[in-house]
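Taking the working numbering, the leading residue of the sequence shown gets 1, the next gets one more, and so forth. Inspection log for the structure reproduced underneath, given as structure tokens.
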Amino acid sequence: SGRIYVERSLVKDEGNGIGERFQTTLHECKAACDSTPACHSFSYGSFSMSCHLKDQQVTMQSQAKGRRDWDWHFKTYFPLEDNGTVTPAIDSRITSWNISETVKEYHYVERTLVADEGRQIYSESNVTLDECASLCDHKLACRSFAFSALLRLCYLKEAEVTLADAARLPAYLDYKTYIKLTHLTTTTKVPTPAPTPAPTPAQTLAPTPAPTPAPTRAPTPAPTLDPTYAPTPAPTPAPTPTPTLAPTPAPACSGRYYVIHHISWGHARGEIFKELDKARTAFAKLNGGPYATILSDDCFNELQYYGGRGTRLDEFRAWWEAASIPELAK
């Protein structure tokens, strides 16, 4: 597995460039730094999807670079661990995570997304639920995390969450909050595997084979042969071509148009229009701006697009699927 990286604002002194990647994801940029021995940090632009490997050792206390118009979306990333030990240059805030060589695997409880998630301490994209839980295992400061299976996004949090905490209303996409259980004992682990295998095979094997073959073989061949030949050829060719060709294409992908733009990782916003001209006017206002934007029809067919792609198409589709109320269209 690769090293764990910390995100911070773009540093002023980035050192020497030792490699570049374009049209790549943040996950692929981290893998490139892991495979380059001289790579001690890198900068990544989420909008341009560009990766720049550096030989500079960076800390949270390194001086930040003043923001300019063209590099507003760039961040600096540096490894938290190097060959299994904590990097000596990391400041006290990161060291307080107490990364150890032996990582304990915790258990997690899923619940609805909480309203108060607390401070975010780390985020990762293009990961599975198990990988997100493993990242939380590595950080003692992580007491819960939010995860979206649809967007494959993971956000580690420091808040201690309970099942009784208030949920976020309305809920956002398919995000769930996962609570880290830190006080498990062996008594809670023993009874779980014992009762599970016992009742499952007993109930499944006994009743299933007996009733299934008996009623299936008797009635099936008798009625199938006689009535099948008579009614099947007559009604099938006549009604099928007439209704299918005429009404299908009109209501499927017409009537509403969507202009959706990307705000940040995991966040998209859009508008629905009944007229294509109004939708194209709204797209033209966002075209060339700082956010990736899509204009689609009612079947999410792409009519116009601007900006980087990556996981943004998944976020656009998620917003489109949620916006299914006809009254919202302008």
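Beta carbons: idealized from backbone N, C-alpha and C, even for Gly. Please read these numbers as outputs of a predicted model, since none were measured by experiment.
| Query | Result |
| --- | --- |
| Neighbourhood of Y332 by C-beta distance below 8 angstroms, restricted to the same chain and skipping five residues each side | No information on residue 332 is available, as it lies outside the stretch 1 to 330 that the chain covers here. |
| Residues near L286 in its chain [Cβ-Cβ closer than 8 angstroms; skip 5 each side] | V259, H261, T293, Y306 |
| Residue ranges of each beta strand (DSSP E) within the segment 1–44, 3 or longer | 5–9, 17–22 |
| Given N301 as reference, the closest of R317, E20, A322, G266 once Cα atoms are compared | R317 |
| Opposing strand residues paired with Y257 [DSSP bridges] | F273 |
| Buried or exposed (CB count within 10 angstroms, at least 16 for buried), L169 | exposed |
| Sequence-distant residues of the same chain with beta carbon closer than 6 angstroms to R111, five excluded per side | L163, T177 |
| Neighbourhood of W319 by C-beta, 6 angstroms cutoff - its chain only, sequence neighbours within 5 removed | I260, A268, G270 |
| Cβ distance (whole Å) where S48 is taken to contact G308 below 8 angstroms | 7 angstroms |
| Length of the line joining the Cα atoms of K12 and G66 | 8 angstroms |
| Burial state of L54 (16 or more Cβ within 10 Å) | The identity of residue 54 in the sequence shown is Lys, whereas the question assumes Leu. Buried, since its Cβ has 16 or more Cβ neighbours within 10 Å. |
| Residues near A115 in its chain [Cβ-Cβ closer than 7 angstroms; skip 5 each side] | A166, A167, R168 |
| For E302, the three-state DSSP class (helix, strand or coil) | strand |
| Own chain partners of R119 with C-beta closer than 8 angstroms, once the 5 adjacent residues on each side are dropped | K157, E158, A159 |
| Under 8 angstroms between C-beta atoms of I291 and I179 | Correcting the residue identity first, residue 291 is Tyr in this sequence and not Ile. The answer is no: Cβ separation not under 8 angstroms. |
| Cα-Cα separation, H138 to A31 | 18 angstroms |
| Backbone CA spacing between P152 and A146 [nearest angstrom] | Just to set this straight, residue 152 is Arg in the shown sequence, not Pro. Answer to the nearest angstrom: the Cα atoms are 11 angstroms apart. |
| Proximal residues to Y155 (C-beta, below 7 angstroms), its chain only, five neighbours per side dropped | Q120, S123, F145, A146 |
| Range covered by the alpha helix (DSSP H) that runs through E131 | 129–137 |
| Pick from E321, Y172, R3 that is closest to C299, judged by C-alpha positions | E321 |
| R312, enclosing alpha helix (DSSP H) - first and last residue | 312–322 |
| Sheet register partners of V109 (DSSP bridge) | I179 |
| C65, DSSP secondary structure in three states | The sequence shown places Lys at residue 65, not Cys. K65: coil per DSSP, three-state reduction. |
| DSSP state of T59 mapped onto helix, strand, coil | coil |
| Inter-residue spacing [alpha-carbon to alpha-carbon] between N16 and V6 | 20 angstroms |
| Other residues of its chain near E20: CB distance less than 8 angstroms, five sequence neighbours each side excluded | S50, C51, H52, L53 |
| Extent of the continuous beta strand (DSSP E) run through C142 | Premise fails: C142 is in no beta strand (DSSP E) and is neither H nor E. |
| Same chain only: Cβ atoms within 8 angstroms of C39, ignoring 5 sequence neighbours per side | I18, G19, A32, C33, L53, K54, D55 |
| Counted within 10 angstroms of its Cβ, other Cβ atoms place P37 as buried (16 or more) or exposed | exposed |
| Per DSSP, cross-strand counterpart(s) of T293 | H261, Y306 |
| For A284, the three-state DSSP class (helix, strand or coil) | helix |
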